[in-house]
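Single-structure report; data block below.
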Amino acid sequence: MMGFIARGLAAIVMVAASFGPALADPFDGGDAAAGRRLYWAGIGADGQPIRGVTQGDIAVSGAQFSCLNCHRPSGQGSTEGGNYVPAITAPILFQPRHLDRNRLFKELYQEAQPETFWARVRQPRLRPGYDGTTLARVLREGADSSGAPIHPIMPRYDLPDRDVSNLLAFLRGLGDKIDEGVEAQDIHFATIVTANADPTARKAVIDTIQVYFDWMNKDTKGDTSRPAFSPNFRSNFLGAYRYWRLHVWELEGPPASWPAQLDRLYASQPVFAVVSGLVEGPWAPIGDFCDAQRLPCLFPNTELPRTADARYGYSLYFNRGLELEGEAALMHLADTAPPTRILQLRAPGPAGETPAAALAALSALRLPQTAVVTREVADAALGEVLGALGSGGALGAEVPDVIVLWPDDPAAAVAALAGLPAEGPPIYLPSAVLPEAIGHLPEALDARLRFVWPYERPDAYHPRKFRVRAWMHTRRLAVTHDRLQRQTYYALTLLEVGLMHALEDFYRDYLIELIEHEAENELHPGTHPSLALGPGQRFASKGAYIAALAPAEKRGYRVVSDWLVP
Amino acid sequence: MVMFRSNPFPLRAAAALAAALIAAPLAVPRAQAHSVTVTDTAGDASVHQGHGAVPATQPDHGAHQGHGTSAGAQDGAAGHTGPADIVIDHTGHAVLPAQGSGSYVRREVVYSVPSASLRDQAARPVTLAAALDHDGPLLLNFIFTSCSTICPVMSATFGEVQPDLAALGADYRMVSITIDPEYDTPSRLRDYAGLHDAQPQWIFLTGDTAEIRKVIAAFDAIYQADNKMYHLPYTYLRAAPGQPWVRFEGLLSGAELVEEYRSVLASQPAKLN
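Protein sequences, first through last, are from chains E and X. Start counting the first sequence at 33; every next residue gets the next number (this note's numbering). Start counting the second sequence at -1; every next residue gets the next number (this note's numbering).
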């Protein structure tokens, strides 16, 4: 009790002191960029990993974990594993603690946590705002700005003054203001579509988003129209409501020109996040833009995500797309009937190159004895090349054990397959061809054809799938592209849930962290066997099935493999 | 914003409340002392799956009151959906003290090892039984490599005590099993092992999601809402094959883990060589 009063008095003294003339902090003048490196990578000013001790006697280095691990990119802290890690953004760290139930809303009311967690969240441990000296003390000795010891899980670091200065400079800018795209009444979002995408699919995606936004805004209007009538303490959160404004960013021309278009669009209307969308072509130029702007780009419908350096990037994806499909095809071959010669016929461009390269790379690892021959064949020539195989045509007389096709246009691939004989090596195809193939090929070919299928199996049951479809039907939303629209709905759901938990903390990094945390909860609409992220993870679904045509089945296909995770 | 829409209570909160109410009759005053020892000697292995623990202050739980309410925990692991997945671990509620050095819960439990096909960090197939078939002391924990808060500490603890355990003479083995198997491929586990300076006695296991869930359930390490972000810090220690497991809930310091290891070994009858 006395300690509590003493801390309270200390807080009052500190508040009073803050009205006096500002004294220079001995730790002023640090380098925020070096502080950021310390926070993110645990690397000190001397270029070496910092060292500390956690749980009393466990030596840890910055290479094993850094500030980022627990306090997260936003500085909002985390709630993993029954541990409460407090927020350390500038407005919180450098101000005296004040008790704010809204700030703890997520922790107190929306999470299933052990009692000890809740007890810790509720501890009314007041403390003055930190300065350089008290920051140095808490980092080195684990005594907070009131002198009270903090939890032993927070490492006690052996940190030189220069590192404290750098970290102080970085922390002063961490969350010092909310991110762009948020106004007093409105919050702006974009969705990105490309002009070359299938127009009916594009319409289905945009219509789904528009209907979702409309209903969000209807609910917001209802919730905020009578603030005095406030069951469930809704009015406590009035400050968190915003009307969602949608901006459809349509990109034209070659992918190399997209970044400039995006910069122009963003300059004319900054948005808080990009949600869903439909992109025909590589996501990389868009992903680079999202990273440069530190703009969350949530679950675009794309088959060509940027898979390199994805961790902690600002694009979140359903899966690795065609790269995953190439690896899954090889994995199935290696697991079932390792071939001695694989022939890949791939279209020019990234839709052909990406999966072919992924298959060849994994083959070198898994099947070093197997020869993988890859030929570039335009969709229009596919039928002719396939027909001439083994007859001394352009590809010689040798017949491969397996043929893998990576076409650009699924319909063209189906047309090329139609004339093939029932006998011959198996043919593996990407998932995009499967819907086109159902009902359009002679049944005699069924035994030869295998499709990579990185989605849920047709006979799986997901209750939420039906709820989502009911949501669409009751809002008169035409369901023309079922899976695409449910994927779009999932992206919107996570955006909604993330913002619901963020309340007035409109920080983009925090939104991504909340989505990482929530993605695994039961929100997914049955498009994939499971969708889950983790800290820094960017691909929610990790594997694929292999499917075959099956006219007798309700949906015309069935899966013929386990869930393969390359 | 969508604070409280048609469902005024967010699903998880409502379900958690319901589960808490169900567990309420079992709630007992939280143990004051650290390092509470509970011996749970029920021999029926099938009863133990997902049920192993009962409130610490009711070691004599003859009637097995706890088991009815914890059934949902096992359902959750089996991938069912709906509120039954979201189960407050009433064990944790009853006895879990604040985490940190000097405050963890110790209990002895008999677990039955299910058959599960896994892979080690070198991508070699290995059954759970084979991984645990070690004629010596065994330490086990559940981690995932992208985990933000507790796994790095638990792994650093395993890393830290390796030389101390080796110095104590017995031929120990450490097993870390990922609860995020699709992300934690063997190659990611190899990187992670390197990060924590894992010696050859320390093996890392991944596998199909269904197999991993079996293992999690068998060790009563189920987490809420099937969301790995809600997992809790458990460390398991077994002196020798056939001996009960000692399960620690909470984060131990290196000295505490070494001391526990030493005391578990010391309680063993001298081994005939």
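Ideal Cβ positions, reconstructed from N, Cα and C, are used throughout, including at glycine.
Original post:
Pairing CB atoms from the region 323 to 332 of chain E with CB atoms from the region 357 to 368 of chain E, are three or more of them under 8 Å?
Top reply: Result no; under three Cβ-Cβ pairs closer than 8 Å.
**OP:** Note the first and the last residue of the continuous beta strand (DSSP E) segment covering Thr233 of chain X.
**Re:** For the purposes of this step, residue 233 of chain X is taken as the residue at position 235 of the second sequence. It spans Tyr232 to Arg236 - the beta strand (DSSP E) in which Thr233 of chain X sits, taken as one unbroken run.
**OP:** Assign Glu475 of chain E to one of two classes, buried (16 or more other C-beta atoms within 10 Å of its C-beta) or exposed (fewer than that).
**Re:** In the first sequence, counting from the first residue as 1, residue 475 of chain E sits at position 443. Exposed, by the Cβ-count rule.
Original post:
Helix, strand or coil for Ile120 of chain E per DSSP?
Top reply: The residue given as residue 120 of chain E occupies position 88 in the first sequence. Coil at Ile120 of chain E, not helix or strand.
**OP:** Within its chain, find whatever has a CB closer than 8 Å to the CB of Leu263 of chain X; leave out the 5 residues flanking it on each side and keep chain order.
**Re:** Here residue 263 of chain X refers to the residue found at position 265 of the second sequence. Excluding residues within five positions, the ones whose Cβ falls inside 8 Å are Pro135, Leu166, Ala168 and Ala237.
Original post:
Between Gly345 of chain E and the ligand NAD, is the CB less than 7 Å from at least one heavy atom?
Top reply: As far as ligands go, the structure on display features none, and thus does not contain the ligand NAD.
Original post:
Can you give the beta carbon distance from Val431 of chain E to Tyr460 of chain E, rounded, assuming they're within the 8 Å contact cut?
Top reply: Residue numbering aside, residue 431 of chain E sits at position 399 when the first sequence is read from its first letter. Residue numbering aside, residue 460 of chain E sits at position 428 when the first sequence is read from its first letter. Wrong, their Cβ atoms sit about 15 Å apart, outside the cutoff.
Original post:
His556 of chain E to Leu125 of chain E, Cα distance in whole Å?
Top reply: In the first sequence, the residue the question calls residue 556 of chain E occupies position 524. In the first sequence, the residue the question calls residue 125 of chain E occupies position 93. Going by C-alpha positions, His556 of chain E is about 36 Å away from Leu125 of chain E.
**OP:** Check whether the Cβ of Phe142 of chain X lies closer than 8 Å to any Cβ atom in chain E.
**Re:** In the second sequence, counting from the first residue as 1, residue 142 of chain X sits at position 144. Interface criterion met: the Cβ of Phe142 of chain X is under 8 Å from a Cβ in chain E.
Subject >> CA-to-CA distance, Arg296 of chain E to Val511 of chain E, given in whole angstroms >> reply: For the purposes of this step, residue 511 of chain E is taken as the residue at position 479 of the first sequence. For the purposes of this step, residue 296 of chain E is taken as the residue at position 264 of the first sequence. About 33 Å.
Subject >> Minimum C-alpha distance to Ala379 of chain E - residue among E:Gly174, E:Val417 and E:Ala361 >> reply: The count along the first sequence starts at 1 and reaches residue 379 of chain E at position 347. Comparing Cα positions, the closest option is E:Val417.
**OP:** Give the interface partners of Arg104 of chain E over in chain X, defined as CB-CB distance under 9 Å, in chain order.
**Re:** What you label residue 104 of chain E is simply residue 72 of the first sequence in a count that begins at 1. Chain X residues near Arg104 of chain E: Ser146.
**OP:** Could you pull out every residue in the same chain whose Cβ sits closer than 7 Å to the Cβ of Phe137 of chain E, ignoring the five residues on either side in sequence?
**Re:** In the first sequence, the residue the question calls residue 137 of chain E occupies position 105. These residues qualify, in order along the chain: Leu535.
Original post:
So what's Asp246 of chain E in DSSP terms, helix, strand or just coil?
Top reply: Working through the first sequence from its first residue, we reach residue 246 of chain E at position 214. Three-state DSSP puts Asp246 of chain E in a helix.
Original post:
Just checking my contact of Cys102 of chain E with Ser110 of chain E at CB under 8 Å: how many whole Å lie between their CB atoms?
Top reply: Counting from 1 along the first sequence, the entry for residue 102 of chain E is found at position 70. Counting from 1 along the first sequence, the entry for residue 110 of chain E is found at position 78. At roughly 6 Å, the Cβ-Cβ gap stays under 8 Å, so Cys102 of chain E and Ser110 of chain E are in contact.
Original post:
Using a Cβ-Cβ cut-off of 7 Å (strictly less than) and excluding sequence neighbours within five positions of Arg188 of chain E, which residues of its own chain qualify?
Top reply: Within the first sequence, residue 188 of chain E is the residue found at index 156, counting from 1. Counting only Cβ-Cβ distances below 7 Å, and skipping sequence neighbours, we find Gly84, Val85, Arg172, Glu173 and Gly174.
Original post:
Does any C-beta atom of chain X lie closer than 8 Å to the C-beta of Phe221 of chain E?
Top reply: For this step, residue 221 of chain E is matched to residue 189 along the first sequence. At least 8 Å separates the CB of Phe221 of chain E from every CB of chain X.
Subject >> chain X contact for Asn134 of chain E (CB, 8 Å cutoff) >> reply: Position 102 of the first sequence, counted from the first residue, corresponds to residue 134 of chain E. At a cut-off of 8 Å, the C-beta of Asn134 of chain E has no neighbouring C-beta in chain X.
**OP:** Indicate whether Val311 of chain E and Thr226 of chain E have their beta-carbon atoms separated by less than 8 Å.
**Re:** Sequence index remark: in the first sequence, residue 311 of chain E carries index 279 (1-based). Sequence index remark: in the first sequence, residue 226 of chain E carries index 194 (1-based). Yes, these two residues count as a Cβ contact at 8 Å.
Original post:
Among all the DSSP beta bridges, which residues are the ones paired with Thr512 of chain E?
Top reply: Within the first sequence, the letter at position 480 stands for residue 512 of chain E. Thr512 of chain E is not bridged by DSSP to any residue.
Original post:
What residues from chain X crowd round Pro259 of chain E, counting only those whose CB sits closer than 7 Å?
Top reply: The residue you call residue 259 of chain E lines up with position 227 of the first sequence. Neighbours of Pro259 of chain E on chain X: none; closest Cβ ~12 Å, over 7 Å.
**OP:** Give the secondary structure of Ala120 of chain X by DSSP, where H, G and I count as helix, E and B as strand, and everything else as coil.
**Re:** The residue given as residue 120 of chain X occupies position 122 in the second sequence. It is coil, neither helix nor strand.
**OP:** Kindly indicate which residue of X:Gln222, X:Asp131, X:Ser144 and X:Met172 has the alpha-carbon position closest to the one of Pro112 of chain X.
**Re:** Translated into positions along the second sequence, residue 112 of chain X becomes position 114. For the residues X:Gln222, X:Asp131, X:Ser144 and X:Met172, the minimum Cα distance to Pro112 of chain X belongs to X:Asp131.
Subject >> Cβ pair count under 8 Å reaching 3, the region 193 to 209 of chain X against the region 117 to 125 of chain X >> reply: A contact exists between the region 193 to 209 of chain X and the region 117 to 125 of chain X.
Subject >> Sheet register partners of Leu310 of chain E (DSSP bridge) >> reply: In the first sequence, counting from the first residue as 1, residue 310 of chain E sits at position 278. According to DSSP, residue pairing for Leu310 of chain E in a beta bridge involves E:Val225 and E:Asn333.
Original post:
Between the region 242 to 258 of chain E and the region 199 to 206 of chain E, do at least 3 Cβ pairs fall closer than 8 Å?
Top reply: Taking 8 Å as the limit for Cβ pairs, the verdict is that the region 199 to 206 of chain E does not touch the region 242 to 258 of chain E.
Original post:
Considering only C-alpha positions, which residue in the set E:Ala551, E:Tyr493 and E:Pro81 is nearest to Ser98 of chain E?
Top reply: In the first sequence, residue 98 of chain E corresponds to position 66, counting from 1. Taking the Cα of Ser98 of chain E as reference, the smallest distance to any Cα among E:Ala551, E:Tyr493 and E:Pro81 is reached at E:Pro81.
**OP:** Just confirm the distance between the C-beta atoms of Ile210 of chain X and Ile177 of chain X, as a whole number of angstroms; I'd bet it's less than 8 Å.
**Re:** For the purposes of this step, residue 210 of chain X is taken as the residue at position 212 of the second sequence. For the purposes of this step, residue 177 of chain X is taken as the residue at position 179 of the second sequence. Contact holds; Cβ gap of about 7 Å.
Original post:
With a cut-off of 8 Å, do at least 3 Cβ pairs link the region 176 to 186 of chain E to the region 149 to 166 of chain E?
Top reply: Below 8 Å, enough C-beta pairs join the region 176 to 186 of chain E and the region 149 to 166 of chain E to call them touching: three or more.
Subject >> Bridge-paired residues (DSSP) for Val244 of chain X >> reply: Here residue 244 of chain X corresponds to residue number 246 of the second sequence, with the count starting at 1. Beta-bridge pairing links Val244 of chain X to X:Glu106 and X:Leu235.
**OP:** Report the three-state DSSP secondary structure of Tyr522 of chain E (helix, strand or coil).
**Re:** Translated into positions along the first sequence, residue 522 of chain E becomes position 490. Tyr522 of chain E sits in a helix when the DSSP states are folded into three classes.
Original post:
So, helix, strand or coil for Asn139 of chain X, using DSSP?
Top reply: Counting from one through the second sequence, the residue named residue 139 of chain X turns up at place 141. Here Asn139 of chain X sits in strand by DSSP.
**OP:** Would you verify that the beta carbon of His132 of chain X is, or is not, closer than 8 Å to some beta carbon of chain E?
**Re:** One-based indexing of the second sequence puts residue 132 of chain X at position 134. Output row for His132 of chain X: interface = no.
Original post:
Which value, in whole angstroms, describes the spacing of the CA atoms of Val108 of chain X and Pro239 of chain X?
Top reply: Here the question's residue 108 of chain X lines up with position 110 in the second sequence. Here the question's residue 239 of chain X lines up with position 241 in the second sequence. Each residue's Cα considered, the two are about 11 Å apart.
Original post:
How far does the beta strand (DSSP E) with His279 of chain E in it reach, from first residue to last?
Top reply: Position 247 of the first sequence holds residue 279 of chain E. Segment Tyr275 to Leu283, the beta strand (DSSP E) holding His279 of chain E.
Original post:
So which residues of chain E does Thr233 of chain X contact, with C-beta pairs closer than 9 Å?
Top reply: As a position in the second sequence, residue 233 of chain X is number 235, starting the count at 1. Contacts between Thr233 of chain X and chain E, judged by CB atoms closer than 9 Å, are missing: the closest CB pair is about 12 Å apart.
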